[in-house]
Amino acid sequence: MAGEPEADCLFCKIVAGEVPATVVRETDTVVAFQDINPQAPCHVLVIPKAHYRDAASLATADPALAADVLRETGAVATQLKVDASGYRVVFNTGTGAGQTVFHAHAHVLGGRGLEWPPG
Ligand code: AMP
Ligand code: ZN
């Protein structure tokens, strides 16, 4: 069923505490943790605790939860002090765009110059 945990999902395992993560923020609905392979001085992943395969699926099924994720990206940026210098929120969607974990997640990247357009 939509939103239910998936047995083989890495991020569902992080939500369940079965895989360790360096959590920087947590709410009733969302968890934010350090990316294990950071691409910037600030590289945090914000995920809904419920499982959806990508950002658009999440927003379609549960717009309020998608808003929780988006709001939490801003809270992460403030907490890690990259809000003033600027930061980027990225939802890779599909393998062709680099999505490797099919549990919706926002990358919050900051703390260095960020080129536009992205690669
Ligand atoms: P994506 O490629 O957009 O699906 O993003 C998945 C992200 O998850 C990558 O940036 C990985 O470095 C990150 N990642 C993979 N395994 C872990 C883990 N165990 N803890 C934290 N981040 C992870
Ligand atoms: Zn999942």
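The opening residue of the sequence shown carries number 16 in the numbering used here; numbering runs sequentially from there.
Heads up, the beta-carbon is just placed ideally off N, CA and C, and yes, glycines get one too.
Note that the structure is a prediction, hence the values are computed from the model and not measured.
Cβ shell of residue i (< 6 Å), same chain only, five flanking positions each side left out
| i | result |
| --- | --- |
| G126 | A55, P56, C57, V97 |
Residues near residue i by beta carbon distance below 8 Å, same chain, minus five either side
| i | result |
| --- | --- |
| E21 | C27, H66, H118 |
In DSSP terms, what residue i is bridged to
| i | result |
| --- | --- |
| E41 | V46 |
| G18 | H66 |
Proximity test, residue i beta-carbon vs the ligand ZN heavy atom, cut-off 7 Å
| i | result |
| --- | --- |
| P35 | no |
| E41 | no |
Cβ-heavy atom distance, residue i to the ligand AMP, below 7 Å
| i | result |
| --- | --- |
| H66 | no |
| Q94 | no |
| L60 | yes |
| G113 | yes |
**OP:** Tell me, please, whether the segment 30-38 touches the segment 83-95 by the rule of three or more beta-carbon pairs shorter than 8 Å.
**Re:** No contact exists between the segment 30-38 and the segment 83-95.
**OP:** Entirely within the segment 49-131 and at least 4 residues each: give me those alpha helix (DSSP H) ranges in chain order.
**Re:** The qualifying runs are 70-76, 78-94.
Subject >> Segment contact flag, the segment 103-110 with the segment 39-49, C-beta cutoff 8 Å, min 3 pairs >> reply: No, the segment 103-110 is not in contact with the segment 39-49.
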